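Per mature numbering (1 follows the signal peptide of the UniProt record, and there is no 0): the sequence shown = residues -20 to -1, 1 to 115.
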Amino acid sequence: MRFLMTFAAAAALGAAAVVAAPVQKAGRPDKNRIAYEKLLAGKTAGKPQDCIDTRFTRPQLTAYDGKLLYRVSGKLVYVTETGGGCEAVSRGDAIITRQFQTRLCRGDIAQTMNLQANIPSGSCAMGQFVPYRSQ
């Protein structure tokens, strides 16, 4: 009998925990999606490239939905499909690439790093780079 009461109490607590779990609001806008759309607004996609030159640029980097976005200037943004793994960039983690030349190319591996904790938070492989340019 005591076992049955303990089991019933544990089941009730488990059900209460499920009910009390936070639920994401359906009408709440996704900040990363809004930033993604804003960054590409008014730009036209160009021909995909295997490599981009990183020698003279300090691109602003963001991530959304398995993609990395390199904002080179107000008129040029490169988007590369990574297949996921580097989303931590969108929350402020640093991205580390090992380049053996002045270009970042398809197939290069990138690693994200939480600089406050000094631990890796993900990794991904670069895809082709699609340039989006303003007219």
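Using N, Cα and C, we set each Cβ at its ideal position, and we do this for glycine too. Note that the structure is a prediction, hence the values are computed from the model and not measured.
From the options, residue whose alpha carbon lies closest to that of residue i
| i | options | result |
| --- | --- | --- |
| Met106 | Tyr16, Glu67, Asn94, Gln115 | Glu67 |
| Arg71 | Cys31, Asp30, Gln96, Val59 | Gln96 |
| Arg13 | Thr42, Thr37, Ala74 | Thr42 |
| Pro39 | Asp88, Ala74, Ile89, Asn98 | Ala74 |
| Val69 | Asp88, Ser53, Leu20, Asn94 | Asn94 |
Check whether residue i and residue j have beta carbons under 8 Å apart
| i | j | result |
| --- | --- | --- |
| Gly65 | Ser114 | no |
| Leu49 | Pro111 | no |
| Arg83 | Thr37 | no |
Distance between residue j and residue i (C-alpha atoms, nearest Å)
| i | j | result |
| --- | --- | --- |
| Gln29 | Gly63 | 17 Å |
| Ala25 | Ser101 | 30 Å |
| Asp45 | Lys18 | 15 Å |
| Asp10 | Arg51 | 20 Å |
| residue 117 | Lys27 | For the chain, the structure presents residues -20 to 115; residue 117 sits outside this window and is missing. |
| Phe80 | Lys23 | 31 Å |
| Asn98 | Arg78 | 18 Å |
Residues near residue i by beta carbon distance below 6 Å, same chain, minus five either side
| i | result |
| --- | --- |
| Phe109 | Gln29, Ile32, Tyr58, Thr60 |
| Tyr16 | Tyr44 |
| Gln91 | Ile76, Pro100, Ser103 |
| Leu20 | Tyr112 |
| Gly54 | none |
is_contact[residue i, chain B] using C-beta, thresh 8 Å
| i | result |
| --- | --- |
| Leu49 | Within the model displayed, chain B is absent; a lone protein chain is all it includes. |
Residues of its chain near residue i, where Cβ-Cβ distance is below 7 Å and the 5 sequence neighbours each way are ignored
| i | result |
| --- | --- |
| Lys47 | Val59, Thr60, Glu61, Thr62 |
| Gly87 | Ala105, Met106 |
Residue i beta carbon near the ligand FMN (any heavy atom closer than 7 Å)
| i | result |
| --- | --- |
| Lys27 | Of ligands this structure carries none, so the ligand FMN is not represented either. |
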